[in-house]
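Visitor:
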Amino acid sequence: MTIEIASGAVLPIALCLGLLVGSFLNVVIHRVPLGISVAFPPSHCPNCEMPIKPWDNIPVLSYLVLRGRCRGCSTPISLRYPAVELVTGLLFMAIAWRFGQTWWTALHCVFAAALIAAAMIDFDHQIIPDGISLGGLALAMVVVPLTSAYYGTGWVDGLIRSAIGASIGAGVLWLVAFLHARISVAMGREFDHWPGVGESLPRPMEADYWLWFPGLGLGDVKLLGMIGAVVGVVGVLDTILASSVIGLVLGGAQALSKGALGEPFGFAPSIALGAIAGLFLPPLWLLTIF
Ligand SMILES: [Zn+2]
173 MTIEIASGAV
183 LPIALCLGLL
193 VGSFLNVVIH
203 RVPLGISVAF
213 PPSHCPNCEM
223 PIKPWDNIPV
233 LSYLVLRGRC
243 RGCSTPISLR
253 YPAVELVTGL
263 LFMAIAWRFG
273 QTWWTALHCV
283 FAAALIAAAM
293 IDFDHQIIPD
303 GISLGGLALA
313 MVVVPLTSAY
323 YGTGWVDGLI
333 RSAIGASIGA
343 GVLWLVAFLH
353 ARISVAMGRE
363 FDHWPGVGES
373 LPRPMEADYW
383 LWFPGLGLGD
393 VKLLGMIGAV
403 VGVVGVLDTI
413 LASSVIGLVL
423 GGAQALSKGA
433 LGEPFGFAPS
443 IALGAIAGLF
453 LPPLWLLTIF
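Taken in order, the sequence shown gives residues 173 to 462; the numbers are from the working numbering.
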């Protein structure tokens with residue numbers, strides 16, 4: 173069974189929904205890491221505090237009409253806001269094209285929105301909120317089996333597929349992070365923030381030994397757990413492979429632009445790009461290139 177919408181309307185509806193969700197994601201990206209409610213206070217200009225009127229809050233269009241400036245004080249508005257809206261809109265449209273009029277489209281749109289928020293927050297703050305990674309994981313463990321059952325492949329199969337995908341996704345990255353930490357320590361490498369200045373290295377009987385790593389954060393591990401629950405084992409392995417390559421390119425580009433290696437660098441944007449690419453490419457697509 174399909175969601176009943178005239179077929180010609182599906183892509184435009186997905187685009188509009190994506191633009192609106194993108195507008196909401198801007199609020200999430202800005203407020204969630206600061207611990208501010210996404211609902212209150214209403215959006216306002218950070219410079220002149222003028223509340224943003226509904227007609228000045230239309231995704232992308234308002235930015236163009238206002239020529240990228242606040243109506244009250246003419247402070248430039250970051251190009252990021254319309255960019256996040258446009259990317260979300262186009263991505264929702266692409267997902268609707270890929271998965272058709274099915275609940276899989278709805279599921280993957282929520283998935284893409286979570287990835288965009290995680291990527292941008294990690295880019296800004298080098299953190300991934302648990303609400304997105306673990307919250308998304310919990311949601312996927314319920315919604316993927318339900319959707320599988322709805323389309324006749326059985327909720328047990330769906331649940332097993334999600335559980336294995338989550339375990340492999342989180343497990344592989346955890347292992348990489350753990351081994352990297354242990355080998356680095358064994359080789360006598362020192363890190364600025366790990367452990368803190370004057371603190372001793374974590375020992376095997378301490379939780380930090382197993383859960384606190386330099387370079388790769390536990391946030392990335394949890395995010396890949398969430399991704400595995402949605403895309404399954406092959407999908408999450410594709411994501412890890414692709415995000416490693418993308419991370420090398422992005423990390424290199426950042427090092428070149430800032431002229432310094434070893435700057436704080438969020439891995440979630442690479443993971444998100446890898447996961448989203450996997451939605452549209454055949455399984456193990458990266459291996460076929462080489
Ligand atoms: Zn203003």
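Here a beta-carbon is modelled for each residue, glycine too, at the ideal position from N, C-alpha and C.
Is Gly240 near ligand 1 - that is, is its Cβ less than 6 Å away from at least one heavy atom of it?
Guide: One-based indexing of the sequence shown puts residue 240 at position 68. The answer is no for Gly240.
Visitor: List, from N- to C-terminal side, the alpha helix (DSSP H) runs of 4 residues or more that fit wholly inside the stretch 177-219.
Guide: Whole alpha helix (DSSP H) segments, 4+ residues: 179-203.
Visitor: Extract the residue ranges of the alpha helix (DSSP H) inside the stretch 352-423, only unbroken runs of 4 or more that lie entirely within it.
Guide: Here the runs fully enclosed are 379-383.
Visitor: Name the residue from Gly240, Leu395, Phe283 whose alpha carbon lies nearest to the alpha carbon of Ile249.
Guide: Position 77 of the sequence shown, counting from 1, holds the residue named residue 249. Ranking the options by Cα distance to Ile249, first place goes to Gly240.
Visitor: Taking DSSP as the reference, what is the three-state secondary structure of Pro455?
Guide: Looking up residue 455 in the sequence shown gives position 283. Three-state DSSP puts Pro455 in coil, outside helix and strand.
Visitor: Taking the DSSP output, what are the residues bridged to Pro226?
Guide: For the purposes of this step, residue 226 is identified with residue 54 of the sequence shown, where counting begins at 1. According to DSSP, Pro226 bridges with nothing at all.
Visitor: For ligand 1, is there a heavy atom less than 6 Å away from the beta-carbon of Asn219?
Guide: Translated into positions along the sequence shown, residue 219 becomes position 47. Correct: Asn219 has its Cβ closer than 6 Å to ligand 1.
Visitor: Out of Tyr322, Phe452, Ala284, Val328, which one is the CA nearest neighbour of Ser305?
Guide: The residue given as residue 305 occupies position 133 in the sequence shown. Among Tyr322, Phe452, Ala284, Val328, the Cα nearest to that of Ser305 belongs to Ala284.
Visitor: Please classify Arg239: does DSSP put it in a helix, a strand, or coil?
Guide: For the purposes of this step, residue 239 is taken as residue 67 along the sequence shown, with counting starting at 1. Note: Arg239 maps to coil in three-state DSSP.
Visitor: For a test of the three-state rule: what should DSSP assign to Pro248, helix, strand or coil?
Guide: As a first step, residue 248 must be located in the sequence shown, where it is residue number 76. Correct three-state label for Pro248: strand.
Visitor: Is the beta carbon of Phe385 sitting closer than 7 Å to the one on Ala349?
Guide: For this step, residue 385 is matched to residue 213 along the sequence shown. For this step, residue 349 is matched to residue 177 along the sequence shown. It is a contact, given that the beta carbons lie within the stated cut-off.
Visitor: Go ahead and label Phe264 buried or exposed: buried means 16 or more other beta carbons lie within 10 angstroms of its beta carbon, across all protein chains shown.
Guide: Taking the sequence shown and counting its residues from 1, one reaches residue 264 at position 92. That one is buried.
Visitor: Compare the C-alpha of Glu257 against each of Leu279, Leu458, Trp275, Met292 and name the closest.
Guide: Here residue 257 corresponds to residue number 85 of the sequence shown, with the count starting at 1. Selected option, being the one with the closest Cα: Met292.
Visitor: DSSP on Thr319, reduced to helix/strand/coil?
Guide: One-based indexing of the sequence shown puts residue 319 at position 147. Helix at Thr319.
Visitor: Can you check which of these residues, Leu287, Ala310, Val316, is closest to Trp275 by C-alpha distance?
Guide: Here the question's residue 275 lines up with position 103 in the sequence shown. Of Leu287, Ala310, Val316, the residue nearest in Cα terms is Val316.
Visitor: Indicate whether the contact test is met: 3 or more Cβ pairs, each with one atom in the stretch 414-421 and one in the stretch 438-449, closer than 8 Å.
Guide: They touch, by the three-pair rule.
Visitor: Going by Cα to Cα distance, which pick from Cys245, Leu197, Gly261, Arg243 is closest to Pro184?
Guide: The count along the sequence shown starts at 1 and reaches residue 184 at position 12. Among Cys245, Leu197, Gly261, Arg243, the Cα nearest to that of Pro184 belongs to Gly261.
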